[in-house]
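K.L.:
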Amino acid sequence: MKKLFLVIFIVGICLSLGAYLWQTQASKTLQAPDITPDQLEKMMADGEDFYVYFYSPTCQDCLKSESKLAQAVKKLSITNMKKLDVKKYESVREELQIPGTPSIFVYQKGKLVKGITGAFDTTDEYEKFFLETGGA
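Below, the structure is given as structure tokens:
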């Protein structure tokens, strides 16, 4: 009986630790839906307000800065952020003249109003960018 209790206790600790680690990792990645170029075109045609984070899964600057971006998005409760993988959809880079990754473009009423390229060093810099754009 003691062995069964010990096994259940250890399994419980492992599950709790796993849940904590999963939660911690999830908060470091940008929780935004991935979109396709067709979806982006539709959003623009529909006159929507939104942000698009252009990234590549192999971009080292993207990987380094995404946790800071994710924290800013979460803190400011930005719900209209989308992600587009330019490695997967290489034609988008040329069509939209994306100078590099990471880039964030701001669309208001379906029109590009502002964009930034490059990784910021702090969460505050991302927050400042979002506040300056007045929210998409």
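Straight run, no breaks: the sequence shown in this note's numbering ends on number 142.
Ideal placement from N, C-alpha and C gives every residue a C-beta, glycine not left out.
1. Please classify T128: is it buried, with 16 or more other beta-carbons within 10 angstroms of its beta-carbon, or exposed?
2. What residue range is occupied by the uninterrupted alpha helix (DSSP H) comprising Q77?
3. Need the endpoints of the beta strand (DSSP E) that F114 sits in, please.
4. With DSSP run on the structure shown, which of helix, strand or coil describes K120?
5. Between L36 and L75, which are expected to be in contact by the criterion C-beta below 8 Å, what is the C-beta distance as a whole number of angstroms?
6. Give me the residue from K94, A51, I84 with the minimum Cα distance to F135.
P.N.:
So, from the listed chains and residues:
1. exposed
2. 66-81
3. A quick correction: the sequence has Gln, not Phe, at residue 114. Q114 -> beta strand (DSSP E) spans 109-114.
4. strand
5. 6 Å
6. I84
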